[in-house]
């Protein structure tokens, strides 16, 4: 009888942290991109001074919708000129300070990178306030057999993308 009690207590202490982690993961804003919101309405709502009226879930969905326009552009579903970019927008690589970024709004709008991309899929988002991380895969037209795993961080300010921080992609053949 004592062994059963000890094994029950052991099982509890072993599974409780795992259950707490999983619960925290779902409540922290990690979700799949299938949860869509209208990015134009969201951009307006996030820019509005009444942003406090958004619930946590609504705000998260809106941040994803606005940041997700970048992936729409990558896939060729949205023209660069339609992206909700802040006037002081910067895109930079990990290790580059925002002030040292070489890709500002003007340079980004002239970027033709989306012409090189065959597909962008498998999106997963983690959101904290106005900061969103996207994890996705990209296949290039020149080498469709290779999968490029990409992670990028987006900061949404007043309903517009103000900063993108790109991590170096991982290529899997």
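Numbering (the UniProt record's numbering), first residue to last: 1 to 173. We treat Cβ as the ideally placed atom computed from N, Cα and C, and that holds for glycine. Small disclaimer: the values here were computed from a predicted structure and weren't measured.
Query                                                                                                              : Result
The ligand PLP heavy atom lying under 6 Å from the CB of residue 74                                                : As presented, the structure is devoid of all ligands, the ligand PLP included, so that no description of it is given.
As assigned by DSSP and simplified to three states, the class of residue 95                                        : coil
Beta-carbon spacing of residue 160, residue 86 below 7 Å                                                           : yes
C-alpha distance - residue 79 paired with residue 171, whole-angstrom precision                                    : 26 Å
Per-residue burial, residue 130 [other beta carbons within 10 Å of its own, 16 or more giving buried]              : buried
Residue 29 - DSSP class collapsed to helix/strand/coil                                                             : Residue confidence is low: residue 29 scores 44 on pLDDT, short of 50, so the model does not pin down where it sits. Its coordinate-derived value is still stated next. Three-state DSSP puts residue 29 in coil, outside helix and strand.
Three-state secondary structure (DSSP) of residue 103                                                              : strand
One or two residues paired with residue 147 in a DSSP bridge                                                       : 172
C-alpha gap between residue 64 and residue 148, whole angstroms                                                    : 21 Å
Buried versus exposed, by CB contacts within 10 Å (16 or more), residue 84                                         : buried
Sequence-distant residues of the same chain with beta carbon closer than 6 Å to residue 30, five excluded per side : Unreliable placement is indicated for residue 30, whose pLDDT of 45 sits below 50; the coordinate value is still reported in the next sentence. 126, listed in sequence order.
Inter-residue Cα distance where the pair is residue 58 and residue 92                                              : 28 Å
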